[in-house]
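Q: Here's a structure for you.
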Amino acid sequence: MKDNALLQIAMICLSLSLLAFGGGRSLIPELHKEAVTELKWMNDERFVDLFAISQTAPGPSILFVSLIGYQAAGWAGFLIAAFAMLLPEFILVYAISATWTGIREKPISHIIAEGVAPVTLGLLLSGALVVAKGSIHGTGGAVVAITAFFIFSLTKINPLLVMGIAAIAGLMGWV
Amino acid sequence: MNGPETEKTTIGPVLAAPGLAEIFICFVKMTLVSFGGGLTAWSRQILVVEKRWLSDDEFLEVLSLSQTLPGSINANLAVIVGRKLKGMTGAVSAILGLTLPAMIILAVLVSLYISCRSNPAVDKALKGVTCACAGLSAATACHLGRKHFKKPMSLFFVIVAVLLVGIFRFSLIPVLLSLGPLSALGVWLSGMGKTSLEKTP
């Protein structure tokens with residue numbers, strides 16, 4: 001069963017690696033669908049907990065997949081998920097950057113960037129929706145999420161500070 | 176977010192190629208200073224201003240390629256810069272430098288989470304953090320989307336993608352492979368329209 005999960009997390013990451021346009025966060029809806037809805041490795045609450053943990057760590061946000069891998073298949077899953085997510089991307093980026101220079105001037109890069117951007121935005125908003133559904137269970141939670149949204153949109157405060165204040169709000173039982 | 180200052184610099188790249196250890200340590204440092212975000216701003220500060228491995232123009236070129244290709248933008252950037260500096264071994268050093276410290280921190284955090292999750296105080300605090308993360312995710316998307324929300328065609332594709340993926344929970348692969356090319360085609364056609372209009376006397 002565990003070996004099966006290890007293979008599944010590897011396959012999920014390998015297949016999604018080259019589809020993460022606009023950065024790793026655009027994969028959140030699909031990762032949720034696989035890990036929670038299809039394979040039932042965890043419930044909504046665990047998914048958003050792991051997402052929150054990955055957001056407090058530095059480095060590429062795509063390493064969130066390691067935490068999903070850990071939940072699915074332990075420490076082997078933790079390592080395999082990151083490796084499977086980064087390997088195809090590494091090969092593609094290495095090969096293209098070795099052969100393709102002056103990309104900013106090429107119309108094709110403009111068409112790819114501008115064309116995929118709206119779809120990526122839709123995926124990012126869907127990801128926010130998935131996280132909101134898993135985390136907000138009442139008025140208090142909604143107030144925290146909306147306040148955080150405005151703080152992040154209007155100021156340049158370090159997100160960790162806002163998360164710390166939200167943690168205190170949670171401890172007080174307001175969420 | 177809380178990135179370094181972004182004054183324009185005209186300093187060119189240094190000529191001597193750095194060693195693998197130096198590349199590795201540079202990317203470790205980049206990850207560690209980016210607690211709470213701003214990794215891209217920090218990578219410019221370190222690669223262009225401090226190390227002078229890239230000029231400002233080269234950095235923008237590398238960044239735009241990192242954003243166009245699929246995958247984590249910062250991981251892509253590490254691969255491209257590492258390759259530029261020292262080929263395959265340079266790219267491997269850079270990606271390891273970027274990801275290893277993050278993986279170690281994630282491993283510590285997830286271990287703490289597993290051992291403390293039954294503690295009601297930890298559970299309550301995390302509930303607050305997850306709600307803030309929902310706000311953060313939405314704010315990130317809206318920030319990136321500012322200019323696209325104003326264009327009717329882009330907005331249309333944003334809404335269709337949210338409906339399909341966020342509401343009806345279709346899989347990413349069919350949605351991306353159908354909407355992506357359609358949206359790119361739209362961009363291409365509207366670009367063609369613009370040039371033909373310009374040519375008309």
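Protein sequence lines correspond, in order, to chains Z and P.
Residue 114 in the working numbering sits at position 114 of the first sequence; the count goes up by one each step and never skips.
Residue 303 in the working numbering sits at position 128 of the second sequence; the count goes up by one each step and never skips.
Even for Gly, the Cβ is constructed at its ideal location relative to N, Cα and C.
Taking 8 Å as the threshold (beta carbon to beta carbon), is P:Cys291 in contact with chain Z?
A: Not one chain Z Cβ lies under 8 Å of P:Cys291.
Q: With a cut-off of 8 Å, does the C-beta of P:Leu372 fall near any C-beta of chain Z?
A: Bear in mind that a pLDDT of 42 at P:Leu372, under 50, signals an unreliable position, so the number given afterwards is only what the model happens to contain. It does not: the Cβ of P:Leu372 has no partner Cβ on chain Z nearer than 8 Å.
Q: Check the C-beta distance from P:Ile248 over to P:Thr215 and give it rounded, since I have them as a contact under 8 Å.
A: Right, their Cβ atoms sit about 7 Å apart.
Q: Look at the alpha carbon of P:Gly320 and the alpha carbon of Z:Pro118, and state the distance between them as a whole number of angstroms.
A: In a straight line, the C-alpha of P:Gly320 is about 8 Å away from that of Z:Pro118.
Q: Which residues in chain Z sit within 9 Å of P:Leu195, going by Cβ to Cβ distance?
A: Those do not exist, as P:Leu195 stays about 16 Å from chain Z at its closest Cβ, beyond 9 Å.
Q: When the cut-off is 8 Å and only beta carbons count, does P:Val337 lie next to chain Z?
A: Chain Z, which has a Cβ nearer than 8 Å to the Cβ of P:Val337, makes this yes.
Q: What are the residues in the region 244–269 of chain P lying within 7 Å of chain Z by C-beta distance?
A: Within the region 244–269 of chain P, the residues whose Cβ lies closer than 7 Å to some Cβ of chain Z are Leu244, Pro245, Gly246, Ser247, Ile248, Asn249, Ala250, Asn251, Val254, Ile255, Arg258 and Ala266, listed in chain order.
Q: Would you say Z:Ala167 faces chain P, with C-beta separation under 8 Å as the test?
A: Closer than 8 Å: yes.
Q: Can you tell me whether P:His318 is buried or exposed? The criterion is at least 16 other CB atoms within 10 Å of its CB, across all chains shown.
A: Exposed is the call here.
Q: Spell out whether any CB of chain Z is found under 8 Å from the CB atom of P:Trp363.
A: Yes, because at least one Cβ of chain Z sits closer than 8 Å to the Cβ of P:Trp363.
Q: Rounded to whole angstroms, what's the CA-CA distance from Z:Val248 to Z:Gly141? Just pull it up for me.
A: This structure does not reach residue 248 of chain Z, given that chain Z is present from 1 up to 175, and the question cannot be answered.
Q: Just the C-alpha distance for P:Pro193 and Z:Ala82, rounded to the nearest angstrom, thanks.
A: Distance between the alpha carbons of P:Pro193 and Z:Ala82 is about 27 Å.
Q: Give the range of the alpha helix (DSSP H) segment to which Z:Pro88 is assigned.
A: Start and end: Phe64 to Thr99.
Q: Measuring only the C-alpha atoms, how far is P:Leu244 from P:Phe345?
A: So the alpha carbons of these two residues sit roughly 23 Å apart.
Q: Quick one: list the residues of chain Z neighbouring P:Gly355, beta-carbon separation under 8 Å, in chain order.
A: Chain Z residues near P:Gly355: Phe21, Gly115, Val116 and Val119.
Q: Between which two residues does the alpha helix (DSSP H) holding P:Pro295 run?
A: Pro295 to Phe324 is the span of the alpha helix (DSSP H), which, as asked, contains P:Pro295.
Q: Within the chosen definition, does the region 229–239 of chain P reach the region 270–282 of chain P through at least 3 CB pairs nearer than 8 Å?
A: Result no; under three Cβ-Cβ pairs closer than 8 Å.
Q: Give every residue of the same chain whose Cβ lies closer than 8 Å to the Cβ of P:Val267, excluding the five residues on either side of it in the sequence, and list them in chain order.
A: The answer, listed in chain order, is Gly257.
Q: Residues of chain P with CB closer than 9 Å to the CB of Z:Met163, please, in chain order.
A: Going along chain P in sequence order, the residues near Z:Met163 (Cβ under 9 Å) are Gly211, Gly303, Val304, Ala307, Cys308 and Leu311.
Q: Under 7 Å Cβ-Cβ, which residues of chain Z neighbour P:Gly320?
A: Correct list: Leu121.
Q: Mind checking P:Arg292: buried by the 16 CB within 10 Å criterion, or exposed?
A: By the 10 Å Cβ count, P:Arg292 comes out exposed.
Q: Does P:Pro349 get closer than 8 Å to chain Z when you measure Cβ to Cβ?
A: No, no contact with chain Z.
Q: Going along the chain, which residues of the region 271–284 of chain P sit with their C-beta nearer than 8 Å to a C-beta in chain Z?
A: If the cut-off is 8 Å between Cβ atoms, the region 271–284 of chain P has Leu273, Thr274, Pro276, Ala277, Met278, Ile280, Leu281, Ala282 and Leu284 near chain Z.
Q: Between which two residues does the alpha helix (DSSP H) harbouring P:Met278 extend?
A: Start and end: Ile248 to Cys291.
Q: In chain P, what lies closer than 9 Å to Z:Ala5 by C-beta?
A: Per Cβ cutoff of 9 Å: no residues; Z:Ala5 is ~16 Å from chain P at best.
Q: Could you tell me whether the Cβ of P:Gly368 comes closer than 8 Å to any Cβ of chain Z?
A: The pLDDT assigned to P:Gly368 is 47, lower than 50, so where the model puts this residue is not dependable, and the model offers no usable value.
Q: Taking DSSP as the reference, what is the three-state secondary structure of Z:Met172?
A: Note: Z:Met172 maps to coil in three-state DSSP.
Q: Taking only beta carbons into account, state which residues of the region 151–162 of chain Z come closer than 7 Å to chain P, listed in chain order.
A: Listed by position along the chain: Phe152, Ser153, Lys156, Asn158, Pro159, Leu160 and Val162.
Q: Would you tell me roughly how many angstroms separate the C-alpha atoms of Z:Ala73 and P:Leu339, rounded to the nearest one?
A: Each residue's alpha carbon lies about 30 Å from the other.
Q: Would the region 106–113 of chain Z and the region 320–330 of chain P be scored as touching if the rule is three or more Cβ pairs under 8 Å?
A: The answer is no - the region 320–330 of chain P does not touch the region 106–113 of chain Z, with fewer than three Cβ pairs under 8 Å.
Q: Within the 8 Å Cβ cut-off, does Z:Leu14 reach chain P?
A: Judged by the 8 Å Cβ criterion, Z:Leu14 is not in contact with chain P.
Q: Going along chain Z in order, which residues have a C-beta closer than 8 Å to the C-beta of P:Gln220?
A: Those do not exist, as P:Gln220 stays about 15 Å from chain Z at its closest Cβ, beyond 8 Å.
Q: Are three or more beta carbon pairs between the region 294–307 of chain P and the region 44–58 of chain Z nearer than 8 Å?
A: Short answer: they touch.
Q: With a threshold of 8 Å between beta-carbons, can Z:Leu18 be considered close to chain P, or not?
A: With 8 Å as the cut-off, Z:Leu18 counts as an interface residue toward chain P.
Q: Cα separation between P:Pro356 and P:Ser329?
A: Approximately 13 Å, taken between the alpha carbons.
Q: Skipping 5 residues on each side, what residues in its chain have a beta carbon closer than 7 Å to that of Z:Pro88?
A: Taken in chain order, the residues that qualify are Leu14, Ser17 and Leu18.
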